[in-house]
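Colleague: First the structure, which I've put down as C-alpha cells, then a few questions once you've had a look.
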Amino acid sequence: MKSYSSRMVLSFTSMIILMVAQGSLSQSHHKSGSHHHARRAGRQNGPFFSSSPDTYREKVGETIVLFCQVENLDDSMVIWKQSNRIISAGNVVIRKDERLSLLEGFNLQIRNLRESDAGEYVCEIETYGSPLDQKSTLEILVPPRVEPQPSDGKFVVRKGSTIKLECRAMGNPMPTIIWERENNLLPSGDKALEGYSIVIQDVSRHHSGIYSCTADNKVGEPARAEIDLKVLYPPEIEVDQSWIRTEEGIEAEVSCSVHAEPKAEVKWYKDTMLLDPTNNRHMETFGNKHVLILRNVRETDFGNYSCMADNSLGRQRGSIEVSGRPHIAKIVTPNLGYFKNQYNLTWTVDSFLPIEEYRILYRINREPDYENESRKPHSSMARRHPIEWTNIIPPIGDAKPSFKYYNTFTYKGSFVFYSLNPGTEYEVIIQSRNKEGWSNATDIFRFSTRKEDYNPMELASQDQQGYSSHTSRNVPILLLLISLQLIITQHHFL
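What the sequence shown shows, in mature numbering (1 follows the signal peptide of the UniProt record, and there is no 0), is residues -26 to -1, 1 to 468, in sequence order.
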C-alpha cells in the first residue's frame, strides 16, 4: 500500500511538471536573443542567467556539456528545448534518450554525439510574465567520407569519348577533394588538382589507370576513394624498326608492340602468308611486345613481314621489311655549297654487307620560285617540264665502314660535281647496292651553288664586328687556316 502511494505521488509530480512545460509551449511569443544582463537590470530580485549563449563544436561520438547557469531561481523552473521539443523540465530529463543528462544544476550533457544532435538548444526560465531564454548552437564535426561515381569505382569508356570522373564528399565542415593519379600525372599535366570532378576530353589509352580522390576537412583522418578508368580501343601497333637489315646465315628479330583493350590476338604474316612456328621460325611475347625470330636466315626469308592484331573493336597491321639490301642513304652535306661551279656531296649508308656500287641521279631544278604561294599555278601542266635526270656511277673508294649496331656497318660515300652553274639549285637522288640488291632511293635532296666562290674575308669581317679587340688579334691566324683549308679542298677536287 505504501509503494502504491509513492507511485501515485510520483505520477502526480510528473503531471505537474508536464503541465508547467506545456504551459511554456503555449506562450504566444518568445523574444529571441534575450540576455540575462538585461533581465537582471530590470528585475534585480528575479531569476537571471549567469552563463552566456555560445556556439559549441564537437566531433561525432564525443561528449559535450551545454551550459545553463541560473541565479535567483526561487520558485521558477528551468526547461531545455530543441526544435520546440522539451528535453528537460526542472531537474528531470523528459526526453527518452539515455545519452542526455543534467550536470551541476541545469547544464545539459550529451554523450556519444550524433549528426542529428546538431541545431539550436534553448535554456528557458519559466517565470512570471514572459519567459527568459538563452540560445546556444551545437555544430557536430563529422569526419570526411567520400564515394566514387559510380559507387563500385569501375569506369569503362570507349576511346574518343568525353568523360567526367566524380567523387561525392560528405562531412562537416564540407571537405575539399584532391585528385591524383597512380604512378602518373593527371591528363592536365598536374600532379594533383582540387575539385569534385575532373573532365577528360577525347579519351585515349594513355588516360587508363587508377585515379584517386581524397576528401579532407581537418576532422579526423582524410578519406580516400579510387576510380579505375578502363578505355576500350581497337589495336594500336608500334613498329620498333620498319627495316631490318640482315644477311644469310645469321639470326634476325622482327618485333612490334601491340596495345589494345580488350586484349588483341596477334598473328604474323610474310606478304600474305600466315606464319606458324617452325624450327627456324620462333615467336615470343613479352607483355605488349611480340617478336618473330628468324634463325639461320636464308634468301627466301627476305621480304615483307607484318604483325596483325585483332580485337572486337577493330584490326591493325604493322609492316616490317627484312632485307639484306642497304638502308636508304643519308645525305650529310649542307644545302648551300662553298663554290660557284662545284659541290661536294657526301652521304652515309647502313648495311650488313659491303657496298658494291652507288648510283647518283641529278638535274637542275627548273621549277620557278614563286614569291607568293597564291601565284603558284594549280595545274602541273602550267609549270615548266623539269630537265631529265643525269645518271652517275661514282667510284666506291677504299673507305672502311664503321660498326653501328646488330652487325650493321655504316659506309661513307662522296662525289664532287664540277662545271655547275653559279647561283643554281640542283636536285639529287642516291641509291646504294650490295650483293643482295639496290636500296630504295633517297628523297630528292636540293643543293645550291654560290653566285661567287666563298670568301673567307666575309667571315673575318663578321668576326671583327662581334669580337673584342683582344679576340680580333687572332683573326689573321683564322684567315690563314681557312684559306689553307680551301686550297687543300680545291686541290683534292682537282
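Using N, Cα and C, we set each Cβ at its ideal position, and we do this for glycine too.
Tell me the rounded alpha-carbon separation between T364 and R337.
Modeller: Position 390 of the sequence shown, counted from the first residue, corresponds to residue 364. Position 363 of the sequence shown, counted from the first residue, corresponds to residue 337. Those two C-alpha atoms are separated by around 6 Å.
Colleague: Identify whether N86 lies in helix, strand or coil by the three-state DSSP scheme.
Modeller: Translated into the one-based positions of the sequence shown, residue 86 becomes position 112. The answer is coil: DSSP assigns N86 none of H, G, I, E or B.
Colleague: Would you identify the three-state DSSP class for E212, choosing helix, strand or coil?
Modeller: Position 238 of the sequence shown, counted from the first residue, corresponds to residue 212. Of the three classes helix, strand and coil, the one that applies to E212 here is strand, per DSSP.
Colleague: When you compare the region 171 to 185 with the region 213 to 222, are there three or more beta-carbon pairs, one atom per stretch, that lie closer than 8 Å?
Modeller: no
Colleague: Let me know the secondary structure DSSP gives R31 once reduced to three states.
Modeller: Numbered from 1 along the sequence shown, position 57 holds the residue referred to as residue 31. Three-state result, R31: strand.
Colleague: Return the Cβ separation of L327 and E410 in integer angstroms, given the expectation that the two are a contact with Cβ distance under 8 Å.
Modeller: Along the sequence shown, one-based indexing puts residue 327 at 353. Along the sequence shown, one-based indexing puts residue 410 at 436. Right, their Cβ atoms sit about 6 Å apart.
Colleague: Can you list, in chain order, the residues of its chain with a C-beta nearer than 6 Å to that of I267? Leave out the 5 residues immediately preceding and following it.
Modeller: Locating residue 267 in the sequence shown gives position 293, where the first residue counts as 1. Result list for I267: E227 and H256, in chain order.
Colleague: What three-state label does DSSP hand E72 in the structure shown?
Modeller: The residue given as residue 72 occupies position 98 in the sequence shown. Here E72 sits in coil by DSSP.
Colleague: Need the endpoints of the beta strand (DSSP E) that M148 sits in, please.
Modeller: Here residue 148 refers to the residue found at position 174 when the sequence shown is read from its first residue. Unbroken run through M148: none, as it is neither H nor E.
Colleague: To the nearest angstrom, how far is the alpha carbon of L453 from that of P430?
Modeller: For the purposes of this step, residue 453 is identified with residue 479 of the sequence shown, where counting begins at 1. For the purposes of this step, residue 430 is identified with residue 456 of the sequence shown, where counting begins at 1. Here the model assigns L453 a pLDDT of 47, short of 50, so the residue's position is not dependable, and the following value carries that caveat. Going by the C-alpha atoms only, they are around 7 Å apart.
Colleague: Report the option in P147, R142 and N157 whose CA atom is closest to the CA atom of Y170.
Modeller: Taking the sequence shown and counting its residues from 1, the one referred to as residue 170 is at position 196. Here the closest residue by C-alpha is R142.
Colleague: So, under 8 Å CB-CB, Y279 and I294 are touching, yes? Tell me the CB distance rounded to an integer number of Å.
Modeller: As a working mapping, residue 279 is identified with position 305 in the sequence shown. As a working mapping, residue 294 is identified with position 320 in the sequence shown. That pair is a contact at about 5 Å.
Colleague: Which class does D48 belong to by DSSP, given the choice of helix, strand or coil?
Modeller: Within the sequence shown, residue 48 is the residue found at index 74, counting from 1. Looking at D48 - three-state DSSP - the assignment turns out to be coil, as it is neither helix nor strand.
Colleague: With 16 other CB atoms within 10 Å as the buried threshold, where does A(-6) fall?
Modeller: Counting from one through the sequence shown, the residue named residue -6 turns up at place 21. Its pLDDT being 41, under 50, A(-6) is placed unreliably by the model, and nothing is read from it.
Colleague: Taking 8 Å as the threshold (C-beta atoms), are A283 and V213 in contact?
Modeller: As a working mapping, residue 213 is identified with position 239 in the sequence shown. As a working mapping, residue 283 is identified with position 309 in the sequence shown. No.
Colleague: Under the rule that 16 or more other beta-carbon atoms within 10 Å means buried, what is Y441, buried or exposed?
Modeller: As a first step, residue 441 must be located in the sequence shown, where it is residue number 467. For Y441, the pLDDT reaches just 39, beneath the cut-off of 50, and the residue's location in the model is therefore unreliable, although a value from the coordinates is still provided. By the 10 Å Cβ count, Y441 comes out exposed.
Colleague: For the candidate residues P209, E225, I224 and P251, whose alpha-carbon lies nearest to that of E235?
Modeller: If you number the sequence shown from 1, residue 235 lands on position 261. With distances taken between Cα atoms, E235 lies closest to P209.
Colleague: So, with DSSP's three-state summary, where would you put H233?
Modeller: Taking the sequence shown and counting its residues from 1, the one referred to as residue 233 is at position 259. H233 sits in a strand when the DSSP states are folded into three classes.
Colleague: Would P21 pass as a contact of T101 if the rule is Cβ separation under 8 Å?
Modeller: Taking the first residue of the sequence shown as 1, we reach residue 21 at position 47. Taking the first residue of the sequence shown as 1, we reach residue 101 at position 127. Yes. Within cutoff.
Colleague: Going by DSSP, name the residue or residues bridged to N285.
Modeller: For the purposes of this step, residue 285 is taken as residue 311 along the sequence shown, with counting starting at 1. DSSP output for N285 lists G288 as bridge partner(s).
Colleague: When you compare only the Cα positions, how much space is there between S231 and L287?
Modeller: For the purposes of this step, residue 231 is taken as the residue at position 257 of the sequence shown. For the purposes of this step, residue 287 is taken as the residue at position 313 of the sequence shown. Answer to the nearest angstrom: the Cα atoms are 18 Å apart.
Colleague: For R59, report the span of its beta strand (DSSP E) as first-last.
Modeller: Here the question's residue 59 lines up with position 85 in the sequence shown. Run containing R59: R59 to A63, per the beta strand (DSSP E) assignment.
Colleague: Taking the alpha-carbon positions, what's the E362 to R340 distance?
Modeller: By one-based count along the sequence shown, residue 362 stands at place 388. By one-based count along the sequence shown, residue 340 stands at place 366. If you draw a straight line from the Cα of E362 to the Cα of R340, it is about 11 Å long.
Colleague: Could you compute how far the alpha carbon of S57 sits from the alpha carbon of Y95?
Modeller: Here residue 57 refers to the residue found at position 83 of the sequence shown. Here residue 95 refers to the residue found at position 121 of the sequence shown. Roughly 8 Å separates the two Cα atoms.
Colleague: Quick check: what's the CA-CA separation for S104 versus I53?
Modeller: Position 130 of the sequence shown, counted from the start, is the residue given in the question as residue 104. Position 79 of the sequence shown, counted from the start, is the residue given in the question as residue 53. About 14 Å.
Colleague: Relative to the alpha-carbon of L167, which residue among A189, S50, N262 and G371 has its alpha-carbon at the smallest distance?
Modeller: The sequence position of residue 167 within the sequence shown is 193, counting from 1. For the residues A189, S50, N262 and G371, the minimum Cα distance to L167 belongs to A189.
Colleague: How long is the line joining the alpha carbons of R289 and L248, rounded to whole angstroms?
Modeller: As a working mapping, residue 289 is identified with position 315 in the sequence shown. As a working mapping, residue 248 is identified with position 274 in the sequence shown. Distance between the alpha carbons of R289 and L248: 16 Å.
Colleague: Ordered along the chain, which non-local residues of its own chain (more than five positions away) have a Cβ less than 6 Å from that of G79?
Modeller: Along the sequence shown, read from residue 1 onward, the residue named residue 79 stands at position 105. Nothing listed; no residue qualifies.
Colleague: Pick out whichever of K192, E200 and K237 has its Cα sitting closest to the Cα of R179.
Modeller: Counted from its first residue, the sequence shown places residue 179 at position 205. R179 has its Cα closest to that of K237, out of K192, E200 and K237.
Colleague: Would you check if the distance between the CB atom of Q405 and the CB atom of R333 is smaller than 8 Å?
Modeller: Within the sequence shown, numbered from 1, the residue matching residue 405 stands at position 431. Within the sequence shown, numbered from 1, the residue matching residue 333 stands at position 359. Their beta carbons are under 8 Å apart, which means Q405 touches R333 by this criterion.
Colleague: For A150 and P117, I'd like the C-alpha separation in whole angstroms.
Modeller: Counting from 1 along the sequence shown, the entry for residue 150 is found at position 176. Counting from 1 along the sequence shown, the entry for residue 117 is found at position 143. Reading the sequence as shown, one finds Thr at residue 150 and not Ala. If I take the Cα positions, the gap works out to 12 Å.
Colleague: What whole-angstrom Cβ distance do A92 and L74 have, given they're in contact under 8 Å?
Modeller: As a working note, residue 92 is residue 118 in the sequence shown. As a working note, residue 74 is residue 100 in the sequence shown. Wrong, their Cβ atoms sit about 15 Å apart, outside the cutoff.
Colleague: What residue does the beta strand (DSSP E) around G134 start on, and which one ends it?
Modeller: As a first step, residue 134 is located in the sequence shown; it is residue number 160 there, counting from the start. Element bounds for G134: n/a, residue is neither H nor E.
Colleague: Evaluate P308 with the Cβ neighbour count: other Cβ atoms within 10 Å of its Cβ, from every protein chain shown; 16 or more gives buried, anything less gives exposed.
Modeller: As a first step, residue 308 must be located in the sequence shown, where it is residue number 334. Classification for P308: exposed.
Colleague: What does the alpha-carbon distance come out to for the pair Y30 and C42?
Modeller: Within the sequence shown, the letter at position 56 stands for residue 30. Within the sequence shown, the letter at position 68 stands for residue 42. Whole-angstrom Cα-Cα distance: 13 Å.
Colleague: Should D245 go down as buried or exposed, given a rule of 16 or more other Cβ atoms within 10 Å for buried?
Modeller: The residue labelled residue 245 in the question sits at position 271 within the sequence shown. Label assigned to D245: exposed.
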